[in-house]
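Numbering of the sequence shown is given in full-length UniProt numbering, commencing with residue 1 and proceeding in unit increments.
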Amino acid sequence: MMRCRIDEDVTHKAWLNRSNILFTGTDKWTLDKRVTLVNNNSSDFSIHIDNVQVSDEGPYTCSFQANNKPGLAHVYLIVQVPAKIVNISKDISVNEGENVNLHCLAVGRPEPTVTWKVQKSSVFIQHVISHHAAHQG
1 MMRCRIDEDV
11 THKAWLNRSN
21 ILFTGTDKWT
31 LDKRVTLVNN
41 NSSDFSIHID
51 NVQVSDEGPY
61 TCSFQANNKP
71 GLAHVYLIVQ
81 VPAKIVNISK
91 DISVNEGENV
101 NLHCLAVGRP
111 EPTVTWKVQK
121 SSVFIQHVIS
131 HHAAHQG
């Protein structure tokens, strides 16, 4: 829930996401059914987003007018996604002295860190290559 504390002198109020109007007073402008007005009284003008998505991340603004003077309250929504391994190498056998490449792809927000651990002390990891690919969504 994103709260906007107001007082009884407020005559006009609206919620915006970037430059998109979500609500003006009780009038809903967004077509997104997940966004609802939770409180609309003399002290609270709050919205709720069901099933938050990464695409919901960004700035939200509560705009209001009291005594013919404009006011703004800003909040920045940060959406986190739990880390998940989406691709990992299968079990493999190699001969002593040979090289082996192991792959692990993990996704999440913030970006997860992959750490390789060796269970047997007789194995030596000589070189680790890490690659980062960012996705803006």
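A virtual CB, placed ideally from N, CA and C, is assigned to each residue, including glycine. Fair warning: this is a prediction, and the values are worked out from it, not measured in the lab.
Please classify residue i as buried or exposed, where buried requires at least 16 other C-beta atoms within 10 Å of its C-beta.
i	result
Val35	buried
Trp15	buried
Cys4	buried
Cys104	exposed
Ile47	buried
Met2	buried
Lys69	exposed
Leu22	buried
Lys13	buried
On a Cα-Cα basis, can you pick out the residue from the options that is closest to residue i?
i	options	result
Glu57	Leu102, Pro110 and Gln119	Pro110
Ser63	Ile78, Arg18, Ile49 and Leu102	Arg18
Trp116	Glu98, Ser89, Thr24 and Asn67	Ser89
Asn87	Asp32, Lys33 and Val114	Val114
Ile78	Gly97, Ser93, Val52 and Glu8	Val52
Quick one: residues in its chain with C-beta nearer than 6 Å to the C-beta of residue i, no 5 flanking neighbours on either side, listed in chain order?
i	result
Tyr76	Pro59
In chain order, what residues of the same chain have a beta carbon less than 8 Å from the beta carbon of residue i, not counting five sequence neighbours either side?
i	result
Thr26	Leu37 and Asn40
Asp44	Arg3, Cys4, Arg5 and Ile6
Suppose the cutoff is 7 Å on Cβ atoms and the five residues either side in sequence are ignored; what does the same chain contact list for residue i look like?
i	result
Lys84	Ala106, Val107 and Gly108
Ile49	Arg34, Val35 and Asp56
Trp29	Ile21, Leu22 and Phe23
Let me check one thing: in DSSP terms, what residues is residue i bridge-paired to?
i	result
Ala106	Ile85
Runs of alpha helix (DSSP H) lying entirely within the UniProt domain "Ig-like" (1 to 73), each at least 4 residues, in chain order: none
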